[in-house]
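Chains as they are written, first to last, in my numbering: chain D, 11 to 565; chain L, 72 to 644; chain G, 46 to 174.
Cβ atoms here follow ideal geometry from the backbone N, Cα and C, with glycine treated the same way.
Right, one structure below, let's go through it.
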Amino acid sequence: MSEPIPAVLIVLPIVAATVPLAAGLVRDRVGWAIATLVLTAEAALATVLAYRIYVDGERVVHVLGGSEFGRQEVEFGGVTSEFIVGIELVGDALSGLVVLLIAFVSLGVLAFTRQGGPRSNAFYSGYLLLAGGLMGVPLTGDLFNMFVFLEIVGLTTYALVASSDRPEAAVAALKYLVIGTTGASLYLIGVGYLFVRTGTLNMVDVSRSLAGEPGWIAGSMYGDPLVAAGFGFVVVGLATKAAIYPLHTWQPDAYAEAPDGVTVYISALVSTVGAYALARVTWFVFTPEFFVVNTLVIEAVLVLAGGSVLAGSVLAASQRRVKRMFAYSSVAQFGLIVLAIGVAVHPAASEQATRFAVYGTVIHLLGHAVIKGGLFATVGSIAEGTDARMVREYAGLARQRPFLSGAFAVLGFALVGVPPTIGFVGKWYIGLSAVESRLWPVVAVVVISTVLSLLYMARLLENLYFDTSTVTTDAPGSQSTDVAADGGGANGAEVDADMTPRKAAVGTRPPYGMIGLALVAAIAVVGLGFVGADLTTALDPVVEAVIESSPEVTP
Amino acid sequence: MTATVVSDPRPIAAVLVSALAIVLIIASHRRPNVREGWSVLAAVTKFGIIASMLPGALDGTEYRWSFGEFVFNIEFALRADPLGMLFATLASLLWVFTAFYAAGYMRGLGEHSQTRFFAAFAASLSTAVGIAFAENLVTLFLFYELLSVATYPLVAHDETREARAAGRKYLAYTFFGGGVLVLAGTALVFVLTDTTTFGETAAGLAAADPTLARAAFALLGAGFGVKAAIMPTHSWLPDAMVAPTPVSGLLHAVAVVKSGVFGIARLVLEVFGPDLVSDLGVGVILAAVAAFTLTVASVIALRQDRLKRRLAYSTVSQLSYIVLGLGVLGPTATTGALLHIPAHAFMKLTLFFCAGIIHVETHTDYISEMDGIGKRMPLTMAAFAVASAGMAGIPLVAGFVSKWFLLTGSVEAGQSVFAVVLLVSGVLNIAYFWPIVYGAFFETHDTADSKPLVEGRLGGDTGATMPSEAEPPTSVPTPDGGAAGTESETGRTDSEGSRDRDGKIHDTHEEGSHHGGPGPGGWESAGWRGEEGTWLMLGPILAIVAGSIVLGVVPYEAVFLELIQVVVEGATA
Amino acid sequence: MTMIDLLATRYAYVLFAVLLVLGLYMIVASPNLVKKVIGLNIFQTAIFLFFVTTAYVTDVDGESAQAPVIPKDAQMYDPYASPLPQVIVLTAIVVGIALTAVALALIVRIYSEYGTLDEDTLREVRSNE
């Protein structure tokens with residue numbers, strides 16, 4: 011009954027986090043090797059877990075503490091009901107994909123940090139700790155436990171952001187800390203309200219109690235103002251973690267000031283688990299039934315998310331630093347994801363609309379993580395040797411960095427949502443769900459977001475490829491001038507992979523690990539676009555659970 | 072006639088052949104001859120693959136290839152149906168000629184970044200054929216967006232401020248049209264009918280709420296209309312003329328803009344079907360917008376002094392002929408509309424190629440400088456004259472046949488007002504093409520008549536005013552390599568090209584931009600045997616103009632009309 | 046329930062609300078970084094107080110409440126203090142301490158780099174750079 015894999019996935023990196031520190035007493039710079047070893051094991055474990063979830067069709071549950079805990083019959087007031095004692099870790103069809111994402115991104119980013127990122131042992135201790143915390147968020151089945159994991163993620167992220175040499179990083183990290191902790195605390199208040207009403211913290215049990223299932227509860231508690239207030243606090247808290255406008259202010263500073271390797275990692279995963287948590291709580295703790303009673307609440311969420319899409323895009327377009335631009339772009343993209351989370355449970359959504367919204371949420375969540383992580387990896391690699399960090403400094407760099415520019419173009423168009431990339435598939439489902447549920451303002455926001463994201467991506471790409479006004483270095487014999495100029499689509503990535511780099515560019519060329527990560531990400535966003543249909547099949551149990559307002563995803 | 076659908080990899084092969092060529096083109100970027108060899112080889116192979124499917128398409132066999140499910144309930148599938156074959160045959164056939172011409176053009180000017188140019192060109196053709204064969208709206212949208220992406224480097228090719236502005240405008244317009252309108256329309260169609268496969272949606276749309284069905288038509292029509300340069304979303308097209316002329320020719324007169332028109336054809340004939348379009352009353356609106364566009368664009372064309380811009384406005388106007396024919400509905404008008412796709416393609420490509428060779432050989436871009444140029448470029452201007460005649464609908468050239476169908480089709484459908492519009496536009500066509508031909512052959516630079524339409528202020532008042540639309544030629548940024556222009560036609564490498572570009576900036580400071588027009592002694596004389604330019608460019612021009620005459624003289628022998636009849640039978644059955 | 050009743054019987058909840066707002070105000074309004082962190086601590090403490098308060102359970106609908114860990118046949122206590130929220134608070138306190146430690150470490154670094162703890166001065170210093 012109690013499966014070890016979910017627990018090992020969380021505990022392994024957290025325990026292993028002590029090793030680089032201890033090993034540091036003996037040898038320097040062993041952190042990378044240890045992290046690689048541990049995270050390779052994590053990736054293998056995550057694959058096994060995913061296999062069991064998606065192929066064997068299991069719901070993998072681990073109960074912390076041993077066999078005397080777990081689901082037990084509880085009699086109260088003459089009625090028997092099943093209740094949990096202890097904390098559950100659950101791998102189901104929703105969390106499996108996120109676990110896979112975390113495992114492989116964690117491993118992949120190491121290729122970047124080997125030469126590009128901080129190299130101290132302490133950094134890798136923090137990195138492993140963060141990986142463990144990230145794993146915990148999707149796997150936990152307990153609301154308070156989720157708070158703890160969110161805080162582990164938060165704490166280590168603050169520390170990693172501050173690991174840059176620049177003093178600004180400390181200021182950014184402190185800002186992040188204050189806002190992030192306030193957000194997490196608001197989430198905790200929300201959990202407290204739910205706990206007061208239901209007497210439990212387990213997600214399934216809270217959900218059942220809210221629905222009024224256990225015999226001793228008079229009926230559903232959805233109309234209770236305390237429960238609605240609890241939802242409000244939870245949403246605000248998690249929206250802060252996912253950097254939804256106007257709670258996003260920590261994010262641009264943190265992304266921009268963190269060391270490049272850290273930016274890649276946190277941009278791909280940290281806000282992602284925040285949005286995952288929001289989806290999990292909204293869909294499975296509160297369930298669509300709750301929003302039938304509280305329609306106004308979910309509409310407020312949609313307004314918040316829509317505002318985030320618009321504001322994030324406009325702010326991104328007005329940035330001069332590339333990293334800040336992409337940070338604001340994340341604000342917009344997470345706005346889209348939260349829109350989809352909201353549409354899935356909106357009373358106006360038909361079953362088909364819910365289906366598409368669930369697909370859209372998860373696929374865009376995964377897609378955005380790969381796209382944004384890849385973009386930041388590309389930005390970091392381009393900065394290596396050229397020191398270009400402003401939009402205008404990108405002018406004409408395509409001639410010096412043909413592969414990175416090609417990857418950049420592919421990832422950029424994926425962000426805009428050009429098919430056949432994963433970015434399109436996500437947006438397609440989100441747009442489809444909005445049309446299907448006849449929420450026309452949402453439709454407008456989703457389709458306009460394409461043009462808005464073009465606003466900033468096109469400016470960068472134009473600078474990169476067609477602006478020769480400020481080319482500072484005249485690379486002699488730069489024969490690869492024209493390489494990778496097709497600028498996107500299915501061929502771009504393959505073209506790049508096909509070519510061997512044959513020129514020594516001016517300045518220091520970025521190491522292969524950094525270029526490699528950017529190229530892999532570029533290939534992945536196109537490749538993932540073609541497995542969209544498989545992803546949707548994998549998500550079908552989630553869809554059914556949401557449609558039935560079921561608290562747990564049963565295969 | 073019901074089509075037999077046969078599973079066959081040829082549709083995807085036709086798409087991928089030029090995608091593969093991209094890799095080869097980039098890989099051989101050091102050896103221009105090999106690189107252009109790949110270009111030509113890919114063009115010929117692509118045409119060969121598509122041509123091999125022609126007999127099947129005429130017999131009612133449709134070759135289909137599917138990747139499987141791409142997004143929920145929608146396959147990524149290609150199918151070579153007659154309508155798709157029409158567009159694919161046209162684009163791939165003309166690419167063969169353009170591949171030669173482009174090599175001549177780019178080398179003649181010693182352009183920079185030629186590898187990027189040829190790679191993006193191949194990518195554009197790949198996606199254009201994808202658009203032609205797309206079996207459903209989502210697959211169409213996929214290639215539609217990729218086409219925007221692939222053509223952007225071509226528009227912004229010059230890397231000048233003007234070119235980049237044009238590129239921005241191009242991306243903004245096409246992504247608004249594609250990413251916003253077409254995507255929203257596609258989503259709406261899918262929601263209403265649970266499918267986006269062409270030919271299967273009409274029933275669902277007929278059963279749906281008419282308001283939503285009309286909204287879907289409006290979204291898709293407007294979205295495709297952006298690429299088809301229907302007013303008021305046409306202004307990207309004249310600006311995109313800053314691109315090298317092979318791009319203006321093949322892409323901005325054939326592949327890209329026709330993909331918009333093709334989208335509208337799919338929309339009218341297969342997504343909604345003529346009956347439903349008629350029932351919803353949206354066809355007349357489409358036709359009215361097209362009628363407005365074709366008249367106004369013709370009038371604007373009158374006042375353009377820059378040859379390529381005049382051709383661009385002519386394109387805007389001619390594309391609306393096609394849309395008008397589709398909007399009028401009825402088998403004859405539809406036949407005319409579809410026939411105008413190849414007819415206009417042949418003629419307009421000839422005209423653009425003429426403009427290109429004039430630019431390469433004499434650096435002349437302005438009509439006001441072309442008086443007497445017939446002496447210098449006799450073959451070119453003869454081809455130009457034939458194609459212009461076709462544009463105006465003079466018999467024996469392709470344009471006449473299609474316009475005849477359009478005219479009779481409009482009357483037949485009881486919408487004679489559109490027939491009047493077509494006739495008026497024909498007159499306007501003559502008005503803006505005849506001065507060029509007349510000036511070229513029957514005037515010299517010194518004795519040319521004044522051109523009040525171009526030079527005068529809008530509204531009359533000829534004389535002492537400054538030209539408003541036409542800029543003085545001296546301020547024109549010539550996108551060529553300055554003096555290095557004609558000296559070498561072969562063997563230039565990219566590194567030389569990029570040095571040329573740097574050199575150009577230098578030149579501009581030193582001696583100002585190049586002056587077009589005849590030399591001090593007027594145009595020198597060139598014979599009729601091709602002394603006027605390289606055969607790499609003259610050959611394609613003559614071939615295509617011959618094609619447009621074939622289409623005009625024996626339309627039933629050329630394959631296009633047969634294909635169209637199959638399409639029209641299928642759509643109206 | 047009158048205001049007086051509310052203050053008399055639910056004073057812990059009132060205190061929770063007061064502390065929460067007070068802490069939030071300090072976080073937002075105080076320009077001093079250390080005071081911001083203190084505000085954060087007050088904010089969190091308010092939440093701890095809330096949890097501890099909720100552990101105090103009296104009878105529910107005439108039936109005596111019981112904690113989940115008490116065996117079924119045990120004597121019913123009324124009122125009793127549920128241990129679960131207290132465990133939660135204990136964990137939350139640990140998290141809070143860790144956060145405070147990181148925050149103070151960051152503040153030390155900021156002070157050594159910029160020589161100020163005042164947010165406004167800090168902004169000026171950074172914009173001058």
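- For residue 293 of chain D, there is no enclosing beta strand (DSSP E), as DSSP gives it neither H nor E.
- The contact set of residue 381 of chain D on chain L, defined by CB atoms closer than 9 Å, is empty, because the minimum CB distance reaches about 16 Å.
- Residue 269 of chain L sits in coil when the DSSP states are folded into three classes, being neither helix nor strand.
- Residues of the stretch 442 to 472 of chain D that bring their beta carbon within less than 7 Å of a beta carbon in chain L comprise 442, 445, 446, 453, 457, 458, 460, 461, 464, 468, 472, in sequence order.
- In this structure, residue 437 of chain D lies near residue 374 of chain D, with their beta-carbon atoms less than 8 Å apart.
- Here residue 243 of chain D has 196, 199, 200 as same chain residues with Cβ atoms under 6 Å from its own Cβ, once five neighbours each way along the sequence are excluded.
- Interface with chain D (8 Å Cβ-Cβ cutoff): residue 169 of chain G is excluded.
- About 6 Å separates the beta carbons of residue 366 of chain L and residue 492 of chain L, which is inside the 8 Å limit, making them a contact pair.
- Taken in chain order, the complete alpha helix (DSSP H) segments of 4 residues or longer contained in the stretch 192 to 265 of chain D are 213 to 221, 235 to 251.
- With distances taken between CA atoms, residue 126 of chain L lies nearest to L:633 out of L:639, L:640, L:633.
- Residue environment analysis places residue 59 of chain G among the exposed positions, since fewer than 16 neighbouring C-beta atoms fall within 10 angstroms of its C-beta.
- Secondary structure remark: continuous alpha helix (DSSP H) runs of at least 4 residues inside the stretch 198 to 268 of chain L, in chain order: 208 to 226, 232 to 246, 254 to 264.
- In the three-state reduction of the DSSP assignment, residue 80 of chain D falls in the strand class.
- Below 8 Å, too few C-beta pairs join the stretch 346 to 363 of chain D and the stretch 418 to 433 of chain D to call them touching: fewer than three.
- Going by C-alpha positions, residue 388 of chain L is about 12 Å away from residue 373 of chain L.
- Taking 8 Å as the cut-off, the Cβ atoms of residue 82 of chain L and residue 149 of chain L count as close.
- Judged by beta-carbon spacing, residue 144 of chain G lies within the 8 Å limit of residue 165 of chain D, meaning their Cβ atoms are closer than that value.
- Residue 418 of chain L is not bridged by DSSP to any residue.
- In the structure shown, the three-state DSSP call for residue 155 of chain D is helix.
- In terms of Cα proximity to residue 200 of chain L, the closest of L:95, L:517, L:217 is L:217.
- Of all alpha-carbon atoms in D:456, D:546, D:18, D:144, the one lying nearest the alpha-carbon of residue 312 of chain D is that of D:456.
- Around the CB of residue 249 of chain D, 16 or more other CB atoms lie within 10 Å, so the residue is classed as buried.
- Residue 432 of chain D counts as buried, since no fewer than 16 other beta carbons sit within 10 angstroms of its beta carbon.
- Listed along chain L are 140, 141, 142, 143, each with a C-beta nearer than 9 Å to that of residue 542 of chain D.
- The Cβ-Cβ distance between residue 265 of chain L and residue 144 of chain L falls below 8 Å.
- Taking residue 211 of chain L as reference, the option from L:192, L:151, L:185, L:179 with the minimal CA-CA separation is L:151.
- Boundaries of the beta strand (DSSP E) around residue 149 of chain L: 145 to 151.
- With a threshold of 16 other beta carbon atoms within 10 Å, residue 135 of chain G falls short and is exposed.
- Taking a contact as a CB-CB distance under 8 Å, the pair residue 599 of chain L and residue 422 of chain L does not count as one, their CB atoms being some 20 Å apart.
- Interface flag for residue 152 of chain D against chain L is unset, since no Cβ pair is found closer than 8 Å.
- The three-state secondary structure of residue 304 of chain D, taken from DSSP, is coil.
- Under the 8 Å criterion on CB atoms, residue 368 of chain D is classed as non-interfacial with respect to chain G.
- Around the Cβ of residue 104 of chain L, a 10 Å sphere holds fewer than 16 other Cβ atoms; the residue is exposed.
- Residue state for residue 100 of chain D is assigned as strand, using DSSP reduced to three classes.
- Taking CB atoms only, residue 101 of chain G has no neighbour in chain D less than 8 Å away.
- Contact between residue 349 of chain D and residue 452 of chain D holds: CB atoms are separated by about 6 Å, below the 8 Å threshold.
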